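*Asks:* If you read the protein sequences in the order shown, they are chains A and B. Our numbering applies: residue 4 is where the first sequence begins, and numbers increase by one. Our numbering applies: residue 4 is where the second sequence begins, and numbers increase by one. Backbone N, C-alpha and C fix where the C-beta goes; we use that ideal spot for every residue, glycine too. Since this is a predicted model, take the numbers as computed values, not measurements. Attaching a single structure in structure tokens format; questions to follow.
Protein chains: 2
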Amino acid sequence: MADTKMAPAIVIHGGAGVILKERMTDEVEAAYRKMLAASVTAGYEVLKNGGSSTDAVIASIIVMEDSELFNAGKGAVFTHEETVELDASVMRGSDLQAGAVGGVKKIRNPVKLAADVMNLSPHVMLMGEGAEFFAKENGYELVDNSYFHTKRRLNQLRKLLGKDEVSALSETEHDDYEIDENKLGTVGAVAIDQEGTIAAATSTGGMTNKRFGRIGDSPIIGAGTYADNSSCGISGTGHGEFFMRAAVAHDICARVSYKGISLQQAADEVIQDKLAEMGGDGGVIGLDPEGNIIYSFNTPGMYRAAIDREGKLTVMLFKED
Amino acid sequence: MADTKMAPAIVIHGGAGVILKERMTDEVEAAYRKMLAASVTAGYEVLKNGGSSTDAVIASIIVMEDSELFNAGKGAVFTHEETVELDASVMRGSDLQAGAVGGVKKIRNPVKLAADVMNLSPHVMLMGEGAEFFAKENGYELVDNSYFHTKRRLNQLRKLLGKDEVSALSETEHDDYEIDENKLGTVGAVAIDQEGTIAAATSTGGMTNKRFGRIGDSPIIGAGTYADNSSCGISGTGHGEFFMRAAVAHDICARVSYKGISLQQAADEVIQDKLAEMGGDGGVIGLDPEGNIIYSFNTPGMYRAAIDREGKLTVMLFKED
Chain A
4 MADTKMAPAI VIHGGAGVIL KERMTDEVEA AYRKMLAASV TAGYEVLKNG GSSTDAVIAS
64 IIVMEDSELF NAGKGAVFTH EETVELDASV MRGSDLQAGA VGGVKKIRNP VKLAADVMNL
124 SPHVMLMGEG AEFFAKENGY ELVDNSYFHT KRRLNQLRKL LGKDEVSALS ETEHDDYEID
184 ENKLGTVGAV AIDQEGTIAA ATSTGGMTNK RFGRIGDSPI IGAGTYADNS SCGISGTGHG
244 EFFMRAAVAH DICARVSYKG ISLQQAADEV IQDKLAEMGG DGGVIGLDPE GNIIYSFNTP
304 GMYRAAIDRE GKLTVMLFKE D
Chain B
4 MADTKMAPAI VIHGGAGVIL KERMTDEVEA AYRKMLAASV TAGYEVLKNG GSSTDAVIAS
64 IIVMEDSELF NAGKGAVFTH EETVELDASV MRGSDLQAGA VGGVKKIRNP VKLAADVMNL
124 SPHVMLMGEG AEFFAKENGY ELVDNSYFHT KRRLNQLRKL LGKDEVSALS ETEHDDYEID
184 ENKLGTVGAV AIDQEGTIAA ATSTGGMTNK RFGRIGDSPI IGAGTYADNS SCGISGTGHG
244 EFFMRAAVAH DICARVSYKG ISLQQAADEV IQDKLAEMGG DGGVIGLDPE GNIIYSFNTP
304 GMYRAAIDRE GKLTVMLFKE D
């Protein structure tokens, strides 16, 4: 019998928005490129060693959650009340299993908890203190909300609210793009492992200045995240309300399944045509069952990186990169 | 120019499960039939008077939320902590606008709040205390959680937990079906108004004995509720985790759009084939842009009623009804 293992592949994003070379210092650009490469490599190592695509996307996203550069985990944006509230989701394409958490304040790596909801609970989605109680029951050490706080994000909130208690930033704490990142910062990963199983995951702090327990698309299966071995895996980043209303991630997979078009074409139809017509900004990354990697975004740029089935690493920030 | 107004139609459900004639007294059956007729008629009156399909589905669902017979609003099931936590969502098919609330404890009619999230906030989904704060800001009077409590539901929880503090029920408080209703009780409505706009809405108390801030499919746009004038409107009821993983409501609309099949066939493919293969119980109601009404469920029965474009009222409980 022939060896049926396939070469794995992985693609990640760190948010979409007005990401333009002319608005970025060389130092900041280098910092993003380095962190995106570290993130995608962490996931690829899992895949190369025979690990699952679920473990791979978690490994990649943890690198971005632990980095202050992205709106997820440490360095996430502040709510109206100057706290950080995090959402994440994971889906596995072999059996359509999924897990998600929303509005958690004390979980260092929400993507890991979303995976544990998938693997250890009969539920798909757990919210807030309930999700944290589940985490404690499963051995998680809760962190204080201040762990996530950064001066850069607090300044973004206070500027937005017209407050003047803004602190000076060090050189590495650039504060560009804050307006776009109000809505569009999110991280995600999609991978296919040697068994051919696709997994997708997304993690975010949501919108700067969010109120009322607002939940965006990142923890919603079908909106920000979807994975089905028969069509594709998708992770999205953008103005969450539009992604929910258009069921972006599921719609892309549905177009692949039912229209028989390529994943690139399906993603472009949803992101460039439908979402743009609705007025929604953002983008997606994706992988099809053959391991082909796609990007589609209607913003000036998207932080993104991939390692394809040939093992080739790509890191891109701008539209033309 | 010809009058382009179309005759309206509406369909509702009050949950799916092991609903069998031989397990129901005549009195209980009559009570359900009467309340289903009252609910669908309330929505139809709105439509007949030129009101919107959104207002119609809200009117129908409020009747069921206010009735103790259904697992929504008053009479909803208890959580593990002996409280009631409610979820609801609304979607309008003309512009894909949507609103949802999850985990609210003090809102008498969650479906109304979901519609206000759609109409009065820039967001799609608000959770828990945040949603209640938004309600207060918009003039809602909050009710005490005890408003929702019924002896019948408390008994269901305590029996499930093996506790013996179960109270005697009066004749009208039947306690059949508690096991199925742990998972499958939900109410919903889909309507098309004289302008041809489809709206769908769903409301629920979720699962008996739920913990950890568990959120099911009812407040998830694409899972329990979807409406798109170009394909269909859907409201689902069933084992929510499966509805979320299969993105049931959006998948049915996507099959209509991209496969060009009828709504009945699309719903049957998802409910009878896909969901059943995954092991998920439940059903949906739906309407297509021509006002054709469909039901599809893989359980022994579903509480359901409709008034079609000819004004004909139908009320059904069992598979053969």
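(1) Examine the Cβ distances between the region 225 to 239 of chain A and the region 91 to 108 of chain A and report whether three or more of them are shorter than 8 Å.
(2) Please report whether the beta-carbon of LEU164(A) lies at a distance below 9 Å from any beta-carbon of chain B.
(3) In this structure, does DSSP put ASP147(A) in helix, strand or coil?
(4) Please give me, in chain order, every unbroken run of the alpha helix (DSSP H) with length at least 4 that falls completely inside the region 95 to 147 of chain B.
(5) Using 8 Å as the threshold, is the region 32 to 46 of chain B in touch with the region 306 to 318 of chain B, meaning 3 or more CB pairs across them?
(6) Use the C-beta contact count for THR28(B): other C-beta atoms within 10 angstroms, 16 or more gives buried, fewer gives exposed.
(7) Where ALA203(B) and ASP196(B) are concerned, what is the direct C-alpha to C-alpha distance, given to the nearest angstrom?
(8) Tell me the residue span of the alpha helix (DSSP H) that contains THR302(B).
(9) Give me the DSSP bridge partner(s) of ILE286(B).
(10) Give the residues of chain A in contact with TYR261(B), contact being defined as C-beta atoms less than 7 Å apart.
(11) So which residues on chain A does VAL127(B) lean against when the C-beta distance must stay under 7 Å?
(12) Which value, in whole angstroms, describes the spacing of the CA atoms of GLU71(A) and GLY263(A)?
(13) List the endpoints of the continuous beta strand (DSSP E) containing ILE1(A).
(14) Going by other Cβ atoms of all chains shown within 10 Å of its Cβ, with 16 needed for buried, is VAL120(B) buried or exposed?
(15) Taking the straight line between their C-alpha atoms, what separation do you get for GLY219(B) and HIS242(B)?
(16) For my contact list, GLY20(B) and GLY304(B) are in at a C-beta cut-off of 8 Å; report their separation, rounded to the angstrom.
(17) Roughly how many whole angstroms lie between the Cα atoms of ALA118(A) and GLY102(A)?
(18) Looking at VAL107(B) and GLU135(B), is the spacing between their C-beta atoms short of 9 Å?
(19) Going along chain B in order, which residues have a C-beta closer than 8 Å to the C-beta of HIS254(A)?
(20) Quick one: does MET305(A) have its CB under 9 Å from some CB of chain B?
(21) Mapping DSSP to helix, strand and coil, what is ILE207(B)?
(22) When you measure from the CB of LYS51(B) to every non-hydrogen atom of the ligand ATP, does any distance come out below 8 Å?
(23) Exposed or buried, what is ALA138(B) when buried is set at 16 or more other beta-carbons lying within 10 Å of its beta-carbon?
(24) Would you mind telling me which residues of chain A sit closer than 7 Å to ILE223(B), beta carbon to beta carbon, in chain order?
(25) Hey, is ARG63(A)'s beta-carbon within less than 9 Å of any beta-carbon in chain B?
(26) Would you grab the beta carbon distance between ILE296(B) and ALA12(B) for me? Rounded to a whole angstrom, and I think it's under 8 Å.
(27) Since GLY191(A) sits in a beta bridge, which residues does DSSP pair it with?
(28) Just checking my contact of VAL60(A) with VAL193(A) at CB under 8 Å: how many whole Å lie between their CB atoms?
(29) Taking the alpha carbon of ASP291(A) as the reference point, which residue from GLN268(A), GLY282(A), GLN275(A) has its own alpha carbon closest?
(30) Within 10 angstroms of its Cβ, does PRO125(B) collect 16 or more other Cβ (buried), or is it exposed?
(31) With 16 other CB atoms within 10 Å as the buried threshold, where does ASP324(B) fall?
(32) Rounding to the nearest angstrom, what Cα-Cα distance links GLY17(B) and ASP284(A) in this structure?
(33) Kindly list the residues whose CB is nearer than 7 Å to the CB of SER260(A), restricted to its own chain and excluding five residues on each side of it in sequence; keep chain order.
(34) LYS213(A) to LEU145(B), Cα distance in whole Å?
(35) Compare the Cα-Cα distances from ASN301(A) to each of GLU280(A), THR317(A), GLY314(A) and report the closest residue.
(36) Note down, in chain order, each residue of its chain lying with its Cβ closer than 8 Å to the Cβ of PHE321(A), except the 5 sequence neighbours on either side.
*Replies:* Based on what the coordinates show:
(1) By the C-beta criterion, the region 225 to 239 of chain A is judged to be in contact with the region 91 to 108 of chain A, since at least 3 inter-stretch pairs fall below 8 Å.
(2) Taking the first residue of the first sequence as position 1, residue 164(A) is located at position 161. Using a Cβ-Cβ cut-off of 9 Å, LEU164(A) does not count as an interface residue toward chain B, since no Cβ of chain B sits closer than that to its own.
(3) As a position in the first sequence, residue 147(A) is number 144, starting the count at 1. In the structure shown, ASP147(A) sits in coil (DSSP, three-state: anything other than H, G, I, E or B).
(4) Runs found: 113 to 123, 131 to 140.
(5) With the cut-off at 8 Å, the region 32 to 46 of chain B and the region 306 to 318 of chain B touch.
(6) In the second sequence, residue 28(B) corresponds to position 25, counting from 1. Looking at its Cβ environment, which holds fewer than 16 other Cβ atoms inside 10 Å, THR28(B) is exposed.
(7) On the second sequence, residue 203(B) is found 200 positions in, with the first residue counted as 1. On the second sequence, residue 196(B) is found 193 positions in, with the first residue counted as 1. In this structure, the straight-line span from the alpha carbon of ALA203(B) to that of ASP196(B) is close to 12 Å.
(8) Here the question's residue 302(B) lines up with position 299 in the second sequence. According to the DSSP assignment, THR302(B) belongs to no alpha helix (DSSP H), since it is labelled neither H nor E.
(9) For this step, residue 286(B) is matched to residue 283 along the second sequence. What sits at residue 286(B) in the sequence shown is Gly, not Ile. Per DSSP, THR240(B), PHE300(B).
(10) Residue 261(B) sits at position 258 when you count from the first residue of the second sequence. Under the 7 Å cutoff, chain A gives ALA257, ARG258, TYR261, LYS262.
(11) Counting from one through the second sequence, the residue named residue 127(B) turns up at place 124. Think of a sphere of 7 Å around the beta carbon of VAL127(B): the chain A residues whose beta carbon falls inside it are GLU244, MET247, ARG248, in chain order.
(12) Here residue 71(A) refers to the residue found at position 68 of the first sequence. Here residue 263(A) refers to the residue found at position 260 of the first sequence. Rounded to whole angstroms, GLU71(A) to GLY263(A) spans 40 Å at the Cα level.
(13) Here chain A covers residues 4 to 324 and nothing more, so residue 1(A) does not appear.
(14) Position 117 of the second sequence, counted from the start, is the residue given in the question as residue 120(B). Flag for VAL120(B) reads buried.
(15) Position 216 of the second sequence, counting from 1, holds the residue named residue 219(B). Position 239 of the second sequence, counting from 1, holds the residue named residue 242(B). Going by the C-alpha atoms only, they are around 8 Å apart.
(16) Within the second sequence, numbered from 1, the residue matching residue 20(B) stands at position 17. Within the second sequence, numbered from 1, the residue matching residue 304(B) stands at position 301. Rounded, the Cβ-Cβ distance is 7 Å, consistent with contact.
(17) Working through the first sequence from its first residue, we reach residue 118(A) at position 115. Working through the first sequence from its first residue, we reach residue 102(A) at position 99. Spanning the two alpha carbons is a distance of roughly 6 Å.
(18) In the second sequence, the residue the question calls residue 135(B) occupies position 132. In the second sequence, the residue the question calls residue 107(B) occupies position 104. Between GLU135(B) and VAL107(B), the CB-CB gap stays under 9 Å.
(19) Taking the first residue of the first sequence as 1, we reach residue 254(A) at position 251. Checking the displayed sequence, the identity of residue 254(A) turns out to be Asp instead of His. The answer, in chain order, is HIS253, ALA257.
(20) For the purposes of this step, residue 305(A) is taken as residue 302 along the first sequence, with counting starting at 1. Taking CB atoms only, MET305(A) has no neighbour in chain B less than 9 Å away.
(21) Residue 207(B) sits at position 204 when you count from the first residue of the second sequence. One detail in the question is off: residue 207(B) reads as Thr in this sequence, not Ile. The three-state reading of DSSP puts THR207(B) in strand, counting E and B together.
(22) Within the structure as shown, the ligand ATP is missing, as the structure has no ligands at all.
(23) Taking the second sequence and counting its residues from 1, one reaches residue 138(B) at position 135. Label assigned to ALA138(B): buried.
(24) Here the question's residue 223(B) lines up with position 220 in the second sequence. Under the 7 Å cutoff, chain A gives ILE223.
(25) Walking along the first sequence from the start, residue 63(A) turns up at place 60. Residue 63(A) is actually Ser in this sequence, not Arg. No, its Cβ sits nowhere closer than 9 Å to a Cβ of chain B.
(26) On the second sequence, position 293 is the one that residue 296(B) refers to. On the second sequence, position 9 is the one that residue 12(B) refers to. Indeed they touch by this definition, with Cβ atoms about 6 Å apart.
(27) Residue mapping note: residue 191(A) aligns to position 188 of the first sequence, counting from 1. Here GLY191(A) is bridged, per DSSP, to HIS16(A), THR205(A).
(28) Residue numbering aside, residue 60(A) sits at position 57 when the first sequence is read from its first letter. Residue numbering aside, residue 193(A) sits at position 190 when the first sequence is read from its first letter. Rounded to the nearest angstrom, the Cβ distance from VAL60(A) to VAL193(A) is 7 Å, consistent with a contact under 8 Å.
(29) For the purposes of this step, residue 291(A) is taken as residue 288 along the first sequence, with counting starting at 1. Minimum Cα distance to ASP291(A) is reached at GLN268(A).
(30) Sequence index remark: in the second sequence, residue 125(B) carries index 122 (1-based). By the 16-neighbour rule on beta-carbons within 10 angstroms, PRO125(B) is exposed.
(31) Taking the second sequence and counting its residues from 1, one reaches residue 324(B) at position 321. So ASP324(B) ends up on the exposed side.
(32) Sequence index remark: in the second sequence, residue 17(B) carries index 14 (1-based). Sequence index remark: in the first sequence, residue 284(A) carries index 281 (1-based). Cα to Cα, GLY17(B) sits roughly 37 Å from ASP284(A).
(33) For the purposes of this step, residue 260(A) is identified with residue 257 of the first sequence, where counting begins at 1. By the criterion of a C-beta distance shorter than 7 Å, SER260(A) is surrounded in its chain by SER233, SER234, once the five residues flanking it on both sides are discounted.
(34) Position 210 of the first sequence holds residue 213(A). Position 142 of the second sequence holds residue 145(B). LYS213(A) and LEU145(B): Cα-Cα distance of roughly 22 Å.
(35) Mapped onto the first sequence, residue 301(A) falls at position 298. Ranking the options by Cα distance to ASN301(A), first place goes to GLU280(A).
(36) By 1-based counting over the first sequence, the position of residue 321(A) is 318. Within the same chain, and ignoring the five residues on either side of PHE321(A) in sequence, the residues whose Cβ sits closer than 8 Å to its Cβ are ILE22, LEU23, LYS24, PRO303, GLY304.
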